[in-house]
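Trainee: For the protein sequence lines, the chains are V and F, in the order given.
Under the working numbering, the first residue of the first sequence is numbered 154, with each subsequent residue one higher.
Under the working numbering, the first residue of the second sequence is numbered 154, with each subsequent residue one higher.
Glycine residues also receive a C-beta, built at the ideal position from the N, C-alpha and C atoms.
2 protein chains.
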Amino acid sequence: MPNRVLSEALRLIPHRLPTQPSAAERVADALREQIVDGSLRSGTRLTEETISAALGFSRNTIREAFVLLISERLAAREPNRGVFVATPTADDIHDLYATRLLVEPSALEYGSGWSDDTPAELRQIVETARTAQEQGDTAGIAQANQDFHRAITRLGQSRRVDHLMAGVLAEMRLVFHLMDSEEGFHEPYLERNDEIVRLLERGDRSAAAASLRGYLLDAEQQVLRHTLPPSAR
Amino acid sequence: MPNRVLSEALRLIPHRLPTQPSAAERVADALREQIVDGSLRSGTRLTEETISAALGFSRNTIREAFVLLISERLAAREPNRGVFVATPTADDIHDLYATRLLVEPSALEYGSGWSDDTPAELRQIVETARTAQEQGDTAGIAQANQDFHRAITRLGQSRRVDHLMAGVLAEMRLVFHLMDSEEGFHEPYLERNDEIVRLLERGDRSAAAASLRGYLLDAEQQVLRHTLPPSAR
DNA sequence: AGGTACCGGATTGCTCAACAATCCTGCAAT
DNA sequence: ATTGCAGGATTGTTGAGCAATCCGGTACCT
Numbered sequence: 154m155p156n157r158v159l160s161e162a163l164r165l166i167p168h169r170l171p172t173q174p175s176a177a178e179r180v181a182d183a184l185r186e187q188i189v190d191g192s193l194r195s196g197t198r199l200t201e202e203t204i205s206a207a208l209g210f211s212r213n214t215i216r217e218a219f220v221l222l223i224s225e226r227l228a229a230r231e232p233n234r235g236v237f238v239a240t241p242t243a244d245d246i247h248d249l250y251a252t253r254l255l256v257e258p259s260a261l262e263y264g265s266g267w268s269d270d271t272p273a274e275l276r277q278i279v280e281t282a283r284t285a286q287e288q289g290d291t292a293g294i295a296q297a298n299q300d301f302h303r304a305i306t307r308l309g310q311s312r313r314v315d316h317l318m319a320g321v322l323a324e325m326r327l328v329f330h331l332m333d334s335e336e337g338f339h340e341p342y343l344e345r346n347d348e349i350v351r352l353l354e355r356g357d358r359s360a361a362a363a364s365l366r367g368y369l370l371d372a373e374q375q376v377l378r379h380t381l382p383p384s385a386r
Numbered sequence: 154m155p156n157r158v159l160s161e162a163l164r165l166i167p168h169r170l171p172t173q174p175s176a177a178e179r180v181a182d183a184l185r186e187q188i189v190d191g192s193l194r195s196g197t198r199l200t201e202e203t204i205s206a207a208l209g210f211s212r213n214t215i216r217e218a219f220v221l222l223i224s225e226r227l228a229a230r231e232p233n234r235g236v237f238v239a240t241p242t243a244d245d246i247h248d249l250y251a252t253r254l255l256v257e258p259s260a261l262e263y264g265s266g267w268s269d270d271t272p273a274e275l276r277q278i279v280e281t282a283r284t285a286q287e288q289g290d291t292a293g294i295a296q297a298n299q300d301f302h303r304a305i306t307r308l309g310q311s312r313r314v315d316h317l318m319a320g321v322l323a324e325m326r327l328v329f330h331l332m333d334s335e336e337g338f339h340e341p342y343l344e345r346n347d348e349i350v351r352l353l354e355r356g357d358r359s360a361a362a363a364s365l366r367g368y369l370l371d372a373e374q375q376v377l378r379h380t381l382p383p384s385a386r
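(1) So is Pro232/F in contact with chain V if we call contact Cβ pairs under 8 Å?
(2) Quick one: what's got a C-beta closer than 6 Å to Leu343/V's C-beta in the same chain, skipping five residues either side?
(3) What residues in its chain sit with their C-beta under 8 Å from that of Gln173/V, if we drop five residues either side in the sequence?
(4) Do the segment 217-232 of chain F and the segment 314-329 of chain F touch if we need at least three Cβ pairs shorter than 8 Å?
(5) So, Thr291/V versus Glu335/V, is the Cβ gap smaller than 8 Å?
(6) Which class does Gly191/V belong to by DSSP, given the choice of helix, strand or coil?
(7) By a C-beta neighbour count over all protein chains shown, 10 Å radius and 16 as the cutoff for buried, is Glu287/V buried or exposed?
(8) According to DSSP, simplified to helix, strand and coil, what is Ala239/F?
(9) Answer with buried or exposed for Ser192/V, where buried requires no fewer than 16 other C-beta atoms within 10 angstroms of its C-beta.
(10) Within a Cβ cutoff of 6 Å, which residues of the same chain sit near Ala218/F, ignoring the five residues on either side of it in sequence?
(11) Alpha carbons only, please: which of Ala295/F, Val279/F, Arg303/F and Tyr250/F is nearest the one belonging to Glu387/F?
(12) Would you check if there are 3 or more beta carbon pairs closer than 8 Å linking the segment 208-216 of chain F to the segment 244-257 of chain F?
(13) Can you tell me the Cβ-Cβ gap for Gly266/F and Arg313/F, rounded? I've got them flagged as a contact below 8 Å.
(14) With a threshold of 8 Å between beta-carbons, can Leu370/F be considered close to chain V, or not?
(15) Among Tyr368/V, Arg326/V and Val376/V, which one has its Cα closest to the Cα of Val238/V?
(16) One question on the structure: do Asp294/F and Ala304/F come within less than 8 Å of each other, judged by their Cβ atoms?
(17) First and last residue of the alpha helix (DSSP H) that includes Arg312/V?
(18) Nearest-angstrom Cα distance between Met332/F and Thr214/V?
(19) Skipping 5 residues on each side, what residues in its chain have a beta carbon closer than 8 Å to that of Pro241/F?
(20) I'd like the span of the beta strand (DSSP E) that includes Arg230/V, first residue to last.
(21) To the nearest angstrom, report how far apart Val256/V and Pro258/F are at their CA atoms.
(22) Using a Cβ-Cβ distance cut-off of 8 Å, determine whether Arg220/V contacts chain F.
(23) Tell me which residues share the same chain as Leu199/F and place their Cβ nearer than 6 Å to its Cβ, disregarding the 5 neighbours each side in the sequence.
(24) Quick check on DSSP: helix, strand or coil for Leu369/F?
(25) With a threshold of 8 Å between beta carbons, is Arg216/V in contact with chain F?
(26) Around the Cβ of Ala243/F, are there at least 16 other Cβ atoms within 10 angstroms (buried) or fewer (exposed)?
(27) Using a Cβ-Cβ distance under 8 Å, would Thr203/V count as near chain F?
(28) Return helix, strand or coil for Thr200/F, following the three-state DSSP convention.
(29) Apart from the five residues on each side of it in sequence, which residues of its chain come closer than 8 Å, Cβ to Cβ, to Glu354/F?
(30) Which one of Leu261/F, Thr203/F, Asp245/F and Gly367/F has the shortest CA to CA distance from Gly309/F?
(31) Whole angstroms is fine: what's the gap from Gln374/V's alpha carbon to Ile204/V's?
(32) Should Pro182/F be flagged as near chain V, meaning a C-beta pair shorter than 8 Å?
(33) Go ahead and label Leu221/V buried or exposed: buried means 16 or more other beta carbons lie within 10 angstroms of its beta carbon, across all protein chains shown.
(34) For Arg345/V, which residues from the same chain have a beta carbon less than 6 Å from its beta carbon, with the 5 sequence-adjacent residues on both sides left out?
(35) Return the CA-CA distance between Pro232/V and Asn298/V, expressed in angstroms with no decimal places.
(36) Please confirm if Ser268/V has its CB atom under 8 Å from at least one CB of chain F.
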């Protein structure tokens with residue numbers, strides 16, 4: 154043991170140096186980005202050959218990326234036919250909200266990430282949404298809304314659940330792209346987020362959780378109402 | 154529309170016929186099974202060439218399977234070094250319990266899968282565990298325990314959360330394999346499951362959820378206590 | 001002895017080319 | 001209109017190949 158100080162210092166260095174992500178991951182990142190931002194619409198076929206040529210990676214690497222995207226539910230494989238950008242069904246939408254209903258209120262009420270600053274932080278996000286609203290910035294509202302729910306999820310203090318919810322929110326964006334119009338859809342929820350924050354500011358996490366449950370139940374209905382039926386796509 | 158009766162009948166056929174899983178999935182299944190049942194211990198290196206030869210699939214297929222297992226956290230990639238059976242750290246264990254703490258009580262208290270039969274069904278599982286106990290069947294107890302928590306999770310009525318928890322329970326088994334001895338570890342929790350069921354039988358889902366939270370908090374400590382420090386493995 | 005530099009073998013990361021199986025399209029025959 | 005079928009395109013999977021990286025050992029230096 155030549156140098157005790159050294160080995161102590163080394164312990165502080167992150168165990169895995171920041172290696173560059175693998176080719177498959179970079180391909181998955183590129184595709185994921187295009188899927189969630191709507192450049193690649195639901196149902197689009199992801200041809201191996203085309204993507205291979207477009208991104209400059211071999212077909213095998215593309216296939217590895219597909220495995221990732223499929224496990225994230227952003228894409229779906231139809232055996233011997235190909236991989237397609239996922240098209241969430243009404244059932245999938247229900248599942249998304251069932252998941253959120255299970256996780257978010259629980260994180261809000263019992264999450265150990267709670268601190269005295271939490272209400273103020275959430276308030277901050279609501280304010281951001283409000284200024285976006287005043288500027289008619291639909292995308293900004295949507296973004297702030299997502300941030301709000303991610304912040305709530307983070308109270309749960311679980312990497313795993315964070316990751317789950319990241320996936321959920323990504324798929325939510327897919328769903329939004331399926332709606333007849335996202336325009337004006339998020340506004341009503343500003344008020345409800347505000348109410349949740351108000352309850353938190355009063356220190357009533359339980360009531361806030363209940364309010365959030367109501368929110369999610371309503372939102373599911375709204376989304377289903379505004380989602381085009383399969384016949385129209 | 155030549156035949157209305159026919160098209161109605163076809164509607165009942167499952168949309169995707171049961172295709173045989175791909176080679177990569179079968180490889181992943183085989184490896185996953187060996188990992189969770191302990192045949193492949195934590196830290197074991199999964200050499201592409203070896204597995205390729207052993208299972209009779211090409212290296213490329215093995216790599217696709219790896220992507221899956223890694224996304225399930227049952228294996229970990231160390232760039233340029235290889236893929237290894239995951240070795241959960243204390244931090245990972247904490248994360249597992251944080252996840253369960255977020256999901257299980259919530260499912261128990263608010264899950265829409267609840268019915269009047271639910272308490273009886275859970276009671277049934279507890280009884281199964283008890284007979285396993287009387288026969289000194291450690292594995293049986295562990296299995297019944299898992300079943301108990303899966304049943305609770307299912308109350309949440311979300312495929313996605315079910316899938317998440319399937320992964321959580323799989324990783325839990327990895328953790329159990331890391332303990333000095335699984336012998337006698339699960340017994341104490343029989344009593345606590347029983348208490349949860351008793352509360353449910355009284356119709357008090359809220360109290361049952363609280364009891365479950367206490368259970369999980371204690372269990373985490375117990376697991377950490379019985380888990381060998383990294384130095385010993 | 002203790003530390004460093006270097007070398008060769010093994011393994012990974014990724015590509016490329018090939019081929020059977022399957023699916024899709026269009027067209028011809030009924 | 002429906003069926004049958006040929007041709008072309010794409011997927012599923014394999015095998016070989018090669019650069020980059022890592023590992024283990026050995027020789028070298030002090």
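Mentor: With the structure as the only source:
(1) yes
(2) Ala282
(3) none
(4) yes
(5) yes
(6) coil
(7) exposed
(8) coil
(9) exposed
(10) Ala177, Val180 and Ala181
(11) Only positions 154 to 386 of chain F appear in the structure, and residue 387/F is not among them; the question remains open.
(12) no
(13) Not really, about 14 Å apart at Cβ, beyond 8 Å.
(14) no
(15) Arg326/V
(16) The sequence given here has Ile at residue 294/F, not Asp. It is not a contact, given that the beta carbons lie outside the stated cut-off.
(17) Arg312 to Leu331
(18) 38 Å
(19) Ser195, Leu249, Glu324, Leu327, Val328 and Leu331
(20) Ala228 to Glu231
(21) 10 Å
(22) Strictly speaking, residue 220/V in this sequence is Val, with Arg absent from that position. Answer yes: the Cβ-Cβ gap between Val220/V and chain F drops below 8 Å somewhere.
(23) Val236
(24) helix
(25) yes
(26) exposed
(27) no
(28) coil
(29) Pro272 and Arg276
(30) Leu261/F
(31) 37 Å
(32) First, the residue type needs correcting, since residue 182/F is Asp and not Pro in the sequence shown. Closer than 8 Å: no.
(33) buried
(34) Tyr368
(35) 37 Å
(36) no
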